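Beneath this line is the structure, given in structure tokens, with notes to follow.
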Amino acid sequence: MDVLRAAFGLLFLIGVAYLFSLKRKSVDWRLVLTGITLQVVFGVLITQIELVRQAFNWVSKQFVVLLGFSGDGARFLFGNLLDTESLGFIFALQVLPTVIFFSTLTSGLYYLGVLQWIVKGIAWVMARTMKLSGAESLSAAGNIFLGQTEAPLLVRPFVPKMTRSELMCLMTGGMATIAGGVLAGYVAFLGGTDPVEQEKFAAYLLSASIMNAPAAIVMAKIMLPELHKDDINTDLKVAADTMGVNLVDALARGASEGLKLAMNIGAMLLAFIALIAAINYVLMAVGDLTGLNSAIVASTNGSFDGFSLEYILGQIFRVFAFVIGVDWQESLQVGSLLGQK
């Protein structure tokens, strides 16, 4: 039953993308089927093949080790403020420094050419199986490890000549995957200071980022199919741009970019959490006047405090959560998370 619901959910999401497609008659259904198959293959390899699963667990452990290094740098700056036992978990001190460190690390790996080789290998698989252009394949693979601003550097010389469909693929891939620095922030936030929990969430997020790459291509190619197949460039050439004049310069630039990203994350969280709190204040007042608050608390077994933005989003996206495989009893909470995202 769960498998049937998951299959229906997949068809439902494809149907939504097809509904919003600009050129429905031009959709390449072979590419769509190949992309879905590739995603399933990635999923099976990651979750069912012991050797691949062990490799992922190893990568997750190394990821946690790297998080510890960022903690050393933060501890030098903030000292005892990082002591979670006495002060508790402070997002700005425990999470945002990891964003800066991982931005520095990815810049260094990019300068040394390590990332380009990894990206090119994944891009080769996508280009051969999905018949994508070289720029599309490289950007989609790059988005697995890099952010939405860094990944296009891999194909920067080709951007002016990219078709609308290729640009759509480039942007969708950036929205569907997690940049290395942000992924580190999520791991630190979700796993807290427990290394075992950090490893678990690192494995989940890495798996999701890899599996989302072909899924993003499928959605982009349904909504905006390629109309100029004869004009696309299939060469897998990584741009020769470097992050700096030398390794130290590349690391310094990465740190600066990471600082900007960390400050933006902090500012956005502060602003939007405060704004949501203001909206909820008004909604809760309406709930008190109408008696909705007590009814919502009773019907959700206390999962929601009353008539709030989270509850409204949960009701709107509950069906989507259920369709993609979440149990109906938990669909309200998951729908709320989808809406907040």
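Numbering (my numbering), first residue to last: 4 to 344. Note that the Cβ used here is the ideal one computed from N, Cα and C, for glycine as well. Every value quoted in this text rests on a predicted model; they were computed, and no experiment measured them.
Proximity of residue i and residue j at Cβ, strictly below 9 Å
i: isoleucine 17; j: valine 221; result: yes
i: serine 73; j: phenylalanine 105; result: yes
i: isoleucine 319; j: phenylalanine 310; result: no
i: valine 98; j: glycine 177; result: no
i: glycine 45; j: proline 217; result: A small correction: the amino acid at residue 45 is phenylalanine; glycine does not occupy that position in the sequence shown. Closer than 9 Å, so yes.
i: serine 339; j: phenylalanine 325; result: no
i: aspartate 35; j: lysine 263; result: According to the sequence displayed, residue 35 carries valine and not aspartate. Their beta carbons are not under 9 Å apart, which means valine 35 does not touch lysine 263 by this criterion.
i: alanine 130; j: serine 140; result: yes
i: threonine 107; j: glycine 257; result: yes
i: glutamate 202; j: asparagine 60; result: yes
i: leucine 41; j: valine 128; result: yes
i: aspartate 185; j: valine 102; result: Checking the sequence shown, residue 185 turns out to be valine, not aspartate. Yes, these two residues count as a Cβ contact at 9 Å.
i: glutamine 336; j: serine 302; result: no
i: leucine 341; j: isoleucine 315; result: no
i: alanine 138; j: leucine 96; result: no
i: glutamate 169; j: glutamate 260; result: no
i: serine 212; j: isoleucine 125; result: no
i: tyrosine 182; j: leucine 70; result: It should be pointed out that residue 182 corresponds to alanine in this sequence rather than to tyrosine. No, the Cβ-Cβ distance between alanine 182 and leucine 70 is not below 9 Å.
i: leucine 312; j: isoleucine 276; result: no
i: alanine 265; j: proline 100; result: yes
i: aspartate 162; j: glycine 145; result: A small fix is needed here, since residue 162 is valine in this sequence, not aspartate. In this structure, glycine 145 does not lie closer than 9 Å to valine 162 by Cβ.
i: phenylalanine 250; j: phenylalanine 94; result: Contrary to the premise, residue 250 reads as leucine rather than phenylalanine in this sequence. No, Cβ-Cβ distance for leucine 250 and phenylalanine 94 is not below 9 Å.
Exposure label - residue i; buried when at least 16 CB within 10 Å
i: leucine 22; result: exposed
i: phenylalanine 204; result: buried
i: threonine 293; result: exposed
i: leucine 149; result: buried
i: glycine 38; result: buried
i: leucine 227; result: buried
i: threonine 175; result: buried
i: arginine 321; result: buried
i: serine 110; result: buried
i: serine 297; result: exposed
i: leucine 25; result: exposed
i: glycine 116; result: exposed
i: lysine 164; result: exposed
i: lysine 123; result: buried
i: phenylalanine 66; result: buried
i: alanine 274; result: exposed
Simplified DSSP assignment, three categories, for residue i
i: proline 163; result: helix
i: alanine 182; result: coil
i: serine 106; result: helix
i: phenylalanine 310; result: coil
i: phenylalanine 148; result: coil
i: valine 30; result: coil
i: threonine 196; result: coil
i: serine 136; result: coil
i: leucine 230; result: coil
i: glycine 247; result: coil
i: lysine 344; result: coil
i: glycine 188; result: helix
i: glycine 116; result: coil
i: leucine 90; result: At leucine 90, the pLDDT of 49 sits below 50, so the modelled position is not reliable and the matter cannot be decided from this model.
i: leucine 13; result: helix
Residue interval of the alpha helix (DSSP H) (run including residue i)
i: phenylalanine 23; result: First-last for phenylalanine 23: undefined, no H or E at that position.
i: glutamate 53; result: 53–81
i: leucine 96; result: 94–97
Q) In the region 288–342, which residue ranges form an unbroken alpha helix (DSSP H) of at least 4 residues, counting only runs that do not cross its ends? A) 295–302 and 312–326
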